[in-house]
Each structure stands twice: as structure tokens, then as C-alpha cells.
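Residue numbers (our numbering), protein chains in the order written: chain A, -2 to 795; chain B, -2 to 795.
This is the structure in C-alpha cells:
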């Protein structure tokens, strides 16, 4: 294995992340970094044998349970990892039992590896026990990508310098914790011919979970014992170990919940009874991964850090995207941490979704269908706030009801409770979700989904805007007052340009969808008209809003005011705060930050980015330049929102600021691998991972989507000699193999549009670029809509 | 055993509570009712073998840990109860293992008994397993009153109709839960020659706990196995059982925390290694209880329900009062439930303390010293609110800082959060604690405690009032505005009569204590003057407040207005709501309740009760009659505060309303035995238990404290033929043996004041009443202060 590079904490090859030293201070961030998963569940990289203060966690999509203050959270599920090795030595005396643990004895070799290609996590250890016995231990685990209910562990044990009794205990720990809270009540547990099982149920949401586990040993004879301590069933194997002889223990766990079957325990034990051996399971897993990487990989040459780290970010998205369940979506911290409690934000639609949309469109459809399933919750929210239609939750979970906490409650006996206003005011999400639904339709031509689900999302969310805007009769314009824009440093603003323009854009598309539906699917149109109380008056109202919504924009300079009065706020020079290690809000305080022209993340620039693809108002080159010059220096890009850097990277790339683009891209790229915001322990930054993909494809790759398909106008960073990826667009795969210097768009396109047949052994991509048809999801019978660009050109307001 | 009576749920003898049927619907309330304890810890009456949804709990005084919203709570400690019996039958097949559990098989006999005399909880069961094997099982447990660190269990097992293998598993469950939250992180665990041990630490407060456990078997030979599932160490004994032969298993657990020793695990295992056998432990426990009941028992004849239930309430206080630690106090729900999170209220000083003061004064001193230890927290609270001196927490825990939650947060996604204002406004506690400290001094003559601790409490809390009152220059009077009085149905009132008069009374006593200290302990006086910044000006300020504080009182009728404007509120006829099953606040809503003349609990009447003993203003017979007639019908006595009924019972008794007094007394008396408020599952109503004692002694016993000691002017309820108890007053025990008809006060006193020597075998009290000297706590060298009544007669305000 040839290592290709290293960062502060790791070395790596093309596909493998390697940690060669164990640092207890990084215990929690590394638990996040070494997360594995399979789109059904995610399991943090905690050690099989445990460690003081370790926070092992397994999150299963959709398994939420109630919790105070934040309403609901993803419940940490029973831990399938425990695999404890006890070296008894030659003496039968209990006191000479030595349990393998890294906080005792001596670590002579330590090597932890995450193989992205197959989702395999392994450790190679040589450990000397306190009494001086040396043993080689090699752990390996994966969550099968071929069968999402199967979790596999293997352990090789080789005594180096002793003979003696070794005991291996494999358990399911039914006492998992969410910050000390155990969401599970014990129902039952027991043993079968294959091993042990555990049945638990969440306390409030009443989701039942069944787990089964079995253990096999090879290379020796062993006695098996079953212990049934309540909530901690354990299989224990004891054998006489010989120096330098390797024994292998396999532990296989199955898991089901009542979200998939009425009888999770039976499902788990039955599956367990019919599983093949480790090698067969591993091979199926490898094949499943091969298929996925075949479509989703990005190959970078000339920059080994980026080459690996881009794949690392894609891996994180791939293990989090649900492949078989369209009632769940990807939480802000994916399935890899307790941060944000497993809640789902606009992060998914705006940052993560494009990766899936263009490489795994079935997952993209699941993600958007999740929003359709949560429409009842969004309607309850609208109704609560006195509006019509669907008002999507800023933070969403199982029902779609709003689960943003109202309060940040301090631990201080006399501290102030901070009201969190996002649930009430951060309403741009109501256009962000339709934006993603529209883009899904544009990219896939999936008319079936649009008429069945997408249209209802777009139309009912548009009805909300109709009730939310206020007509200012003095100005003769529509306003949206009292919001939080994308920039959360300003908590009560009027006419945020991002919100107003996105609402306007959304209404334009809503009318287009409405008209399209009436023409192509009149029955469905009638159905929705009745269900949503959609009238011709409403459509006219939307047109009126589109025509008259306030947008604060200086046509000469193209400078856009982020919200009314932003330019009157006190200015601040961020350079004065160089060397800081926290956000400007943390430095200035919430109140004061509201009064300065300092912003948490791109807001006007975010709007320009979202309008860039279709070159919609207010996007144009001059607007980009002007607003970049104004807003970029006022953005807390390093410690503000982690959503910022990737967007800056794309726009800087567009502006020809290559080194600036690369610098800020690296901030996004390494956010978790380097833990450069200090919160990787809370989980993977999912939106940043999605932003990385967009930065590579749309920024450096310079991809633009034309009527004829995606076109590259690449700006490869210094050092990148090759950038190779593929995109799925309207039923066809488009392969891009960009080399340094191929900047002319037309030439590139011609080079790329050659035919390619799927390789059985990715990621060895054939060297030619190509274009070819694929099977659905995009229905060949439903071509892309004929007018993908807006039927109503946006009407800027003075 | 002769049963003497029964209530809805129980039958009982003089000392033993008996439950003869198991009702799963009452699982949680019965877990509370069958709580045992020893003043160090309390353990709920959960079953040894577990039960679905059981909530076993052991609370140790002072073991608090952080929790969101309510800041801190008593941590449920590792569960020492698990004792699981598995009947294997003759087959070695695993599937024929049958675990004894009441939710399976058939219960042929069920009998649970709590013996109050010795704190013994036992169960007698005959159970038929699903496969038809019948076994008699008898469990017994106690928390030793002789050695607070020792917890004892015993189990007799007698197969009725089979021979076979029986396994008994005794565990410590290291996964205790506070509503799902586990406050304990695992440190270590292991085994010794004596058994197993467990070491845990609270997550935030870092209190370490060590537990040890051992098991012994007699009547057979058994094999012992030790299982060390993480957090669930288990001792397992397996033997060949013979039909009709009884085998006895004893399990003994020791427990220490880092609040008592630096090495809790060593302390626990060492104590375990040197413990005598079950019989010896039991005997020591019985002797310790005998001594306590000798002093604290109340004998009632002619009313078997009251006879038992009064003892039951005293038992609850006795197992909750800390005997060896003066840094803890008794939570509102004692150590028997999760309600109010183990927080400490005025309930302790005003309701529970008198029982201890007059029968266990060392515990009373501990309870008050707890408040002295929390003065730093009370000073932080005063400072936070912009006041001086000490402002005691409405809800207090380990530090004395305010831990009343700010918010009652709903689970509803769109519900309103309810602000709880008690932390800010319910300030009468700042006079209640000094009231209790003063009474302790009066009753014990403990000058040493008063000069060392009591004076600082009384003076620093008085300084708070000096900074809290506002002078109204128009009225030329002092006001206390913006408070919650005792009646919590009115949340923002001005000049609550209770608060104003208690503050005035407190300042009167503060001046008395200040002067006494200056005269008797001038050095301590100087020390406190410096520490508290106490000046002659402050003393004058107090005198000015005493003279000019507003008190809304109609001198002609003696009617007192509960607060300014109360009489202007809309009236309500509670009779219109007869048959209701919840509080008026629950029926009307918080907002509306504020606008009515309906009160949660006695407020003016509570003031009259507190001033009754010393016949201080505004107490007099006419005032009592007038205010009773006005306020009693407006009080939500049934479903308002549980603090109300006992106080009403006393005052009704004073007013000669015997049957009304008895009726409301029974509401208090049976609050937990009958679960008549439906919340016994949250824990014992500690204040009600204390109120019961006061109702019996001061109400029915008619005890008044004179210069020459307590005097009885009894009003025994119908049917009570005898009421016998003793009171400790200024170094002497006063025995009362009241018979029906002995109502003339002087005669009663003469009859009572005969000499009595302590009986070695209580509660067989000798029949004569007597008076005798005892050893300290009341120091014979420090007689009671010569002027126990206030040196400044209270000055009523027009």
C-alpha cells in the first residue's frame, strides 16, 4: 500500500485513510471521522473494546424519539460493536485476567484504516498487557452495502509471546446513550441456536428494534457461554491460545426496526440464521460499493490531498443517503453525530442534494419525497403561525413539524435564556425546497414524480408565500418583513434580498408547474386545486407578487442590499480580528453582532450562486464582481457557518481568483479530516461535504447545464492535472475527463461526448469521455419539459 | 398477626402495611408507598425480579447531578435490588429456563408487607411457572438504620411440587435512570473474595460511588459464578432444589460515595468483608429503630386507620431525615420519587421540621444547618437580582443557588412555553427559613447553634428584606411589590399579607437576635457585622420597616386582604365545581385563575397558623373566625396544594369544627396511602406528612408552648379514645397521654407532668405521663433565651 499524502492527523492512499497513532484527546472527533454506514444506519468509529468516555453511536434513519427542549432526536441505537478480548494467561486466577484496553498496558503498534472504496474500518494493534503478555489484534468491521440489515465484525488474534487462555466476549449493549439519555426501554431478550437477540422500544415514539448476533471462531476449538445480563446479552468464547497461532472470531449482527417490519426480532433472528460466511458477505458488500463508486467517484490527479479528501466527503454522503426509504432525509450531521439531534435543514436540499441528483438520482428522489411526506407537518406549522399552505420546518424530523428548539437554555443558575428565532423567521427554506424539487425535475425529467409529489410541494409552499407577503401601499410593493435571511447574524430584518428573490423565483416556477400540470395532467391539477384550495385568483396573486416584490438593488452598480438598512449598520474590518479562534458572534455577542455589517455566511452571494446556473436575475458577471467585492470581506468565512467556504470557492473560481478559491475550498474540504472548526466530534458536516462536490463540479469543473446537457468550462486549481467524473442528466450519463489547459468549453464538450460502457471494475475508468443512455429513474417516456427556463422572466424592482 | 383496619388499597395492623393483591395499574404509586430508607438513602419498593415499566430508584442524600431546564436533580443511584430466580426444572435445555416474574405464570399467593417499626419490606409469594412448577418465594429487605451504608436482602425459596435446578442471580444494575437519563459514567468494576463491586461517577458533579455486593446461601450446596457484563456485575448461584425444602439466599450490599470518603469502592468492599450475618444485621437495625420510635411515636386508640396512617407518615419523615450529614435537607418528595427532582422547598422548614424539632432535634439541627451551608448560593441569588444579603432559593439543591426551572416547556411543537415565576417572586421563603431557625432556638435553647449558624441565617436574610422593600412616599409606608404569596394561583401581586407580615416578623426577630448576640457573644457579633456589612443604620432601617410596612387589614372585622386588590377580583363558588378531579387552575387556565378569588392553599390562614403559637399579630380568635369564614370556602383544598389540608385541619379544630377538621385531616393523612391526588407515583408528599404530625399535635392534641413547657388543650376527633406522644422542649421530654374528655388544659398538664424513664422496649409506652431531663443536643449550660417572645411587639398597620 503506497501512501499518497498526509494531513495534520492522517496519512492516506488514494482510497484509504490511515491513523498511525492513538491520541486520546482526539477520541471524539476521530469517532466521527471513522464513521461507517450503508444508507440505513451510521455507526461511529468507536473501539470494539471501549474506552473511557467513548461515545459509541449507531443511528438508524427515521428512528426518532422525544426529548425535552428540542422535541425529538435520532435515538442512539443499541451498540453492536462490543467485542472484548480477555487474556487470562496460564493461571486460572481471576486477578490475572487482563482485558485488552488501550488505556492500560502498552501500545506497540497502532494502525486504524478506513477504506472508502468498500466502507471497511480496520485496526491493527500490537499490545502488551500490564503483566507483559504481547498479542497482535486485528479488528475489521463494515455495515453491509449489499444488505442494509447486516453488520459484520472480524477479529484476528495472535499471541506473540505466550500460550494461554483467551476469552472473547461479543455483546449487544442495550444501554446506548444520547448525552446520558437512553431512549430505549427493554422489552425482552434471549438466545437462539445462532446466538443472542435483543428487543427494545423507544420510550415515546414506540419504535421497536430487534437485533440478533452470532459469533463464529476458526483456527481453534472453543467453549461458548451465553450471558443474559438484562440489556447486555453476551456471547463468550474461551479457547487455549498458542503463541504465534492466529485465531479468527467473526461476529455478525442483524438489525430491523418496526419501521420496516412488524416483527423486528423475528426478522433479525431469521436473517441471522441464513447468512453466509464472512468472505461471502464481504464480497457482496464490495460489489455493491463498486456500483456506487462507478457512478459517484471523482478522480483528481496532481493533488493527492484533494484526491483523497474529495472522495472522503463523497463517502460521507453515500453512507448517509437513504436508498430504500423515502420517508427519511439526511440530517445536518448525517448519521455520524449527536449535533443538531438528527434534525434536517435546508442543508440537505441546497448543499447535499446536487451530488445525489447528478450521480444517484434515486436517492435524490427519496430525499425530496421525504419533504412530500412531511407536508402535513408543514401545513400544521403554517396554520399555527396564521398562514396558508405549507410552511416547511426550519428543523424537521419524522413528522415535518417544526422542531427547532425555542430556547438555548444555559446551565448557569442565573444566565439568560436565549430565544432561538429560526423556527419563526428563517423562512427562506420554503423556497429552497421547491428550488431543489424544480432542479430535480430539470435534471431528471421525472414527470411522474413531479406530478405525483413535486407539484404539491411547490404549489402548497407557494400558497404560503401568498399569505406571508405584505403589500406596502405607500411603496406599492410587496414586502416580506421580520425574517432571518441566510445570514443568521441578523435576526430580525425586513426584505432580505435572498428571501424575497427566492420567494419570487419560487412563485414563477409555481405558475410554470401549475400551467404544466393543467396541460399535461389535468386530473391531477384538479385534484390539487381542490386539496390545496388553489384558485385562479391565487395564481393572479402570485403574478402580482412576482411583479411587485421589493428587491433592494442598485441597477447601476448592481450592488444588492442584503436587507433593508444593512448599509446603514456599522462597518467592521474583519482583518482587525485576525488570529481569532471563534465566530464573530461569539466575540461580539448576539446583540452587538446584529448591529454590524458582518455576516455569518454568503447571503447575497448565495443568492447569486443559486441563480447562476440559469443565469437568472440578479445573476450577471458584473453583479457577481460588485457584490463579491462588497460582501466577501464582510463574511465570517472561517468561523461563521460551515456552509460558507464551498460557495465562496465556486464564486471565487468564477471570478478567476484561483488561489483564493483553492484556499477556501480547502477549508471546506478538510473541515472534518482536520477538525478545523473544532466540532467534528458533533458529527460530519454534511452540507460542507455536499458543498465540496459542488465546488469541484461547478467551481473547478466549471460545469454549466445547457439545453444540450452539462458543459464544462473548467478552472482547475494549480497542481490539478486531471479531474474526472460523470454526471447523470436527463436520462444520460455524461463523462468528464478534464485535463489541465482544456479550458475552451466547446472543445471540452466535444471531447467528452463519446460513448462509454459501464466498467465492471470501477474505479478504473476508461480514459475516454462518453455519453450514454441509462435505465430509469428518468422515464424515457417522459422527456424533460420543453421549457425548463422560467416562463416568466423575473421582473427586477427598482 | 391481627389486622386492625383497611383502606381502599390496603389492610394493616398497628405497624404493618399489607397489600394482598398485585395490581399492575398501581405499579408506580406502590413503588412509592413501599419505599424504605435510613436517613442516608431511600429505595423505592420496586420488585427484586423487575417488572415491565417498573421505575426502581435509590436516592442518596446530596447526590445531585446536572440536568437541562431544572439545573440539577437527585441522581437515581445504581440499583441494589436485582435478585432474579430462575427455575430450570429437570431439563438442562435452555428453553425450559423459567425466570420468576409476575407478568408471566400464575400468582397463587401475593402478600407484600411494610413493617414500619423496623423498616422491613417483605413479600410472600406462591407462583406457578408457565410450565406448571410451583414455588414459594419470600423476599425481605431493609436499609440498615444501624449502619447507613449497609443494605440487606434475603430470599427463602421452597419448591412446592418439583425437584430441579434453581439459579439465583444477584446484581447491581449500573444503569439506573432518571426518566431515561443515566447520570452515571462507568469507571470500573470487578470482583473480590466477598463478591462484586461497581465504581461509577456522576457525569457533571463528579460524585463517585462505590458499591459492593455479596451473596450467601444456606440449606444447600451451590456453585457460584460471577458475570461481569459492563455496568451489570452479577453473582449467580445454582443449586439442586428439592420439593418442600427451603433454601435461603442472603444478598448484602454496601454503598459509599465520595461525599463521605475519598475511596468509596475500598470503603464498600472493606465494610463488606467485615459484616456479620443477616440475623445480627437485622438485630442492630431493630435496636436502632426502637430508639427512634421511643421518641417519635404517636399512639392513637379508637381509630385504627389514623393509628396506622399517622405512623406511616412519621415513618416517611424518619427515613428521609439525615442523621449524619448537615449539608443536606429533605426534598419535597423525600427520597422516594422523581417529583420536583429532589429539590428542597419551604416544605421542609415549615411543614416537616416541627416533627424533628420536637422529637429528633439533632435532625432538625442538620436540616437548618443545610441552609447555613447554602448561604453562599443565597447570596449569589440576591446579588443576581440586585439585592443585598441572602435571598434563599425557592428551590434549592446542593449549592443553595436557585434551581427552580424558568420554564415549563411543552412537548407540543407549537405549544406555549409557560414561564415559572417562583424563582423570581416567591420570596416569603426568606422569612420562612428564619422562622424555623428561631423556633429551633426557642424549642432547644441551642445557643451554640444560634450564634454559630442561626444568627447568620436570620441576619443575612433580614438584610435582603431591607433591600427588597420599597418606600411608598405617598402612603408613607413600606411595600413589597411584585410577589407570589403562599397561594400560587396569583402570580404577580403587591403587598401579599403573608409575605409582608412574615418579613416584619422576621425583622423583629433579627433585631432580637442581633441584640442578643451583641450581649452574649460580642466577638461573633463583630465578626458577623463585618462579614455581612451589618451597621446600626441597617438596624434602624429594620425598625423603620417594622413600624411602617403595609398590612391590609380591617381592624373592626379583623378581615385581612390577601393582597392588594384581592377583594376586587371576581368571586367564584367552588361548590359549582363539585365532583371535579383536578385543580381549579387546571380547569380555568393560568391566566383566568389569576383573576378570580380562588386560592390554591391557605395564605392568610397559613399566616394565622404560623402566628398562632406565639399569639402574635394578626392572630386572635376573632381574626381566625372571620378569615376562616372568608377564605376557607375560596380555597382549592382538595386539588390545590397538598400543603393545605393539614393546616385547615388544625384551624378547623381550633374553631371547634371537629368533623370538618377530621375530614380534611384524613385528606392529608391518606394522600399517599390512598393516592388521593393521583401523584403518589412522583414520591411521598413530605410536607403533608409533616403537616399530619402538626395536625395531630397542635390541632387534635391542642399543644401550646408556654414558658413552662408545652401544654395540651386537646380536641380529639370523634372515636379517638387516646392520643399519646412525647415532645422534647428545652432539654426535657414531655409525655402526653391524652384521653377522651380530658379537655381542661391545666388538669391535663398536671396529669402529664409525671416522671417517666425510657422504656427499653418501645413502643410499649408506660401509661403515666411524665417529664424528664435528657442529654443534649440542647446544652444544659445554655438555657433558653430569657425572652423567647418578641422584644418588639408587632405594630399593625391600618
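Cβ atoms here follow ideal geometry from the backbone N, Cα and C, with glycine treated the same way.
Could you list which residues in chain A have their beta carbon closer than 9 Å to that of residue 381 of chain B, in chain order?
-> 410 and 411
Can you give me, in chain order, the residues of the stretch 240 to 253 of chain B that have a beta carbon less than 8 Å from any beta carbon in chain A?
-> none
Hey, would you say residue 311 of chain B sits closer than 9 Å to residue 295 of chain B, going by beta carbons?
-> yes
Determine which residues of the stretch 628 to 650 of chain B have a Cβ less than 7 Å from any Cβ of chain A, and write them out in chain order.
-> none
Please report how far the alpha carbon of residue 285 of chain A lies from the alpha carbon of residue 657 of chain A, in whole angstroms.
-> 38 Å
Own chain, CB closer than 6 Å to residue 608 of chain B, minus 5 neighbours either side, in chain order = 616
Does the stretch 618 to 627 of chain A come close enough to the stretch 441 to 454 of chain A that 3 or more CB-CB pairs lie under 8 Å?
-> no
Report yes or no: is there a C-beta of chain B within less than 9 Å of the C-beta of residue 470 of chain A?
-> no
To the nearest angstrom, report how far apart residue 634 of chain B and residue 436 of chain B are at their CA atoms.
-> 27 Å
Is the beta carbon of residue 666 of chain B sitting closer than 9 Å to the one on residue 307 of chain B?
-> yes
Determine the extent of the alpha helix (DSSP H) in which residue 287 of chain B is found, giving its start and end residues.
-> 275 to 293
Listing by chain order, which chain A residues have their CB less than 8 Å from the CB of residue 226 of chain B?
-> 168, 224, 226, 229 and 231
Would you say the stretch 464 to 474 of chain B touches the stretch 390 to 397 of chain B, given that touching needs at least three Cβ pairs under 8 Å?
-> no
Terminal residues of the alpha helix (DSSP H) in which residue 495 of chain B lies | 494 to 517
Taking the beta strand (DSSP E) that residue 135 of chain A falls in, what are its first and last residues?
-> 131 to 140
Cutoff 9 Å: residue 340 of chain A Cβ touching any chain B Cβ = no
Got a sec: which bits of the stretch 53 to 76 of chain B sit with their beta carbon under 7 Å from any beta carbon on chain A, in order along the chain?
-> 63, 65, 66 and 68
Distance, Cα to Cα, residue 69 of chain B vs residue 62 of chain B?
-> 5 Å
Residue 641 of chain A to residue 599 of chain A, Cα distance in whole Å?
-> 6 Å
Simplified DSSP state of residue 51 of chain A, which is helix, strand or coil = coil
Residues of the stretch 186 to 211 of chain A whose Cβ lies closer than 8 Å to any Cβ of chain B, in chain order = 188 and 200
Pair every Cβ in the stretch 158 to 166 of chain B with every Cβ in the stretch 230 to 243 of chain B, then say whether three or more of these pairs are closer than 8 Å.
-> yes
Pairwise C-alpha distance: residue 585 of chain A and residue 430 of chain B = 42 Å
For residue 179 of chain B, return the contacting residues in chain A, with the cut-off set at a CB-CB distance below 8 Å.
-> 172, 174, 177, 178 and 179
Name the chain B residues that come within less than 8 Å of residue 399 of chain A, Cβ to Cβ?
-> 410 and 411
Would you identify the three-state DSSP class for residue 74 of chain B, choosing helix, strand or coil?
-> coil
How many angstroms separate the CA atom of residue 755 of chain B from the CA atom of residue 287 of chain B?
-> Any reading at residue 755 of chain B must be qualified, since the residue scores a pLDDT of 31, below 50, and its modelled position is unreliable; no value is offered.
Are residue 605 of chain A and residue 648 of chain A close, meaning C-beta to C-beta below 9 Å?
-> yes
State buried or exposed for residue 601 of chain A, treating a residue as buried only when at least 16 other CB atoms are found within 10 Å of its CB.
-> buried
Starting from the beta carbon of residue 24 of chain A, find every residue of chain B whose beta carbon is closer than 9 Å, and list them in chain order.
-> Those do not exist, as residue 24 of chain A stays about 14 Å from chain B at its closest Cβ, beyond 9 Å.
Exposed unless 16 or more other CB atoms sit within 10 angstroms - verdict on residue 834 of chain A = Not covered by the structure: residue 834 of chain A. The range shown for chain A is -2 to 795.
Classify residue 677 of chain B as helix, strand or coil using the three-state DSSP reduction.
-> helix
Listed by chain order, chain E residues near residue 414 of chain A by CB distance under 9 Å = The structure shown has no chain E; the protein chains it does contain are A and B.
Cα separation between residue 673 of chain B and residue 578 of chain B?
-> 10 Å
Which full runs of the beta strand (DSSP E) of 3+ residues lie inside the stretch 445 to 496 of chain B, going along the chain?
-> 467 to 469 and 474 to 476
Between the Cα of residue 434 of chain A and those of A:368, A:482 and A:418, spot the shortest distance and give me the residue it belongs to.
-> A:368
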